[in-house]
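Going down the list, the protein sequences come from chains A and B. Using this note's numbering, read the first sequence as starting at 1 and increasing by one per residue. Using this note's numbering, read the second sequence as starting at 1001 and increasing by one per residue. Cβ coordinates follow ideal geometry from the N, Cα and C atoms, glycine included. Okay, structure first, notes after.
There are 2 protein chains.
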Amino acid sequence: MRVSREQANANRERVVETAARLFRERGFDGIGLVDLMKEAGLTHGGFYRQFPSKEALLTEATGRAVSQTSDYLAGVPAADRAAVYLSREHRANPGSGCAIAALAGDVARADAKTQAAFAAGVERLLACVGGGEAATSGAARADAIQTLSALVGALVIARATATGAPGLSDEVLATVRKRLAGDAG
Amino acid sequence: MRVSREQANANRERVVETAARLFRERGFDGIGLVDLMKEAGLTHGGFYRQFPSKEALLTEATGRAVSQTSDYLAGVPAADRAAVYLSREHRANPGSGCAIAALAGDVARADAKTQAAFAAGVERLLACVGGGEAATSGAARADAIQTLSALVGALVIARATATGAPGLSDEVLATVRKRLAGDAG
DNA sequence: ATTATCTATAGATCTATAGATAATGC
DNA sequence: ATTATCTATAGATCTATAGATAATGC
């Protein structure tokens, strides 16, 4: 039943990756440790050798999810970012999508460490959206904050209305996409 | 143990009001029916005579919360709305604050009926933010969608960083507040 | 007689722990 | 000998239901 140290590290990685996806899809309380470990291909008994608590896994999973988000978005051409971010495909796939939009609700109720990991992701996205020159304060950073807020708000509203009011959901995506294509998007 | 029909209706109202507050504060999975009913001054045994399920209470509580939100915001002078919405006080009090920002995550995973109640709230806020002329499509409605998205996104990000990165949280509130004060805010 | 609310509980979760097992790594 | 993972379970929840109770409303 024991595996090599290398394999154990790989298993731990897979748990974090799985959590980064499932917490975004179902929320922190929407997935239990038994099912989460099962999705990672393990049983739940080994969990507490690798993590002190489910809350600690949220901290790591948040860090992982925000890294995935900024890495992915950095690879999208600046001119396409708003269209990709506000697409129906992104709306339908929170598990592989923006960590800020998908985790904000749970992170607002999490501890300071998790919020700090989340904030680091916000900073990286600001640098990305602002074209690299938004790290310091000033007008470029203010533009980036305004743009990121509109992106996150539009996606969050679109997801909460996707099934019950698909026309409004599509309209919100399309409208903000169009507005952001004009300037800093 | 039985009360008058009038009192029973008042009790039911209080359960919906309590849920509208607690779901915003703790999330749908963050409050159990036993504690929720206790906060409403009742025991949990009577719950299922008034509501078919906890999910059905979410539908009603969402409708109640969005009504409170649009009613409150309609009473705030248009010039002050962005400052009130993006205040530290609003950030600290989700239970009595904007239903869109506080419930979006849970509603994205809820049924179509709950999403429809949420969408009705979005429409009412668009009319409010747009100054009443945003109900029909056109530039005024697009402005309102852009403004509401920025408001919701900024508040959601500010809440998720309030404890772990208070400087960033304050900065997001202040920046978007300043930007929206200029135009449609 | 009806019914709103109560007490009590069933049955299914959930997080976390205990102890066994078996392969790694000294 | 150490340890990563397993099986099994403790103890605390959670949603939902059953049946008793007592006041309302016919």
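Nearest CB-CB separation between G1164(B) and chain A: below the 7 Å threshold. Looking from the CA of A160(A), the closest CA among S1067(B), I1157(B), V1152(B), R1159(B) belongs to V1152(B). If you check the CB distance, F51(A) and L33(A) do not come in under 7 Å. Q1007(B) counts as exposed, since fewer than 16 other beta carbons sit within 10 angstroms of its beta carbon.
Here DSSP, grouped into helix, strand and coil, assigns P52(A) to coil.
The Cβ atoms of V1172(B) and A1154(B) lie closer than 7 Å to each other.
G1046(B) carries a helical assignment under DSSP once its states are collapsed to helix, strand and coil. Positions of the alpha helix (DSSP H) runs, each at least 4 residues long and wholly inside the segment 94-126 of chain A, are given as 99-108 in order along the chain. The beta-carbon of F47(A) is placed no less than 7 Å from the nearest beta-carbon of chain B.
Per the coordinates, the alpha-carbon of G1167(B) lies some 17 Å from the alpha-carbon of A127(A).
The beta carbon of K113(A) lies closer than 8 Å to those of T59 in the same chain, with the five residues before and after it left out. By the Cβ test, the segment 1095-1102 of chain B is in contact with the segment 1056-1076 of chain B, since at least three Cβ pairs between them sit closer than 8 Å.
Taking a Cβ-Cβ cut-off of 9 Å, K54(A) has no neighbours in chain B, whose nearest Cβ is about 13 Å from it. The C-alpha of G75(A) is placed about 41 Å away from the C-alpha of R1021(B).
In this structure, P94(A) lies near R24(A), with their beta-carbon atoms less than 7 Å apart.
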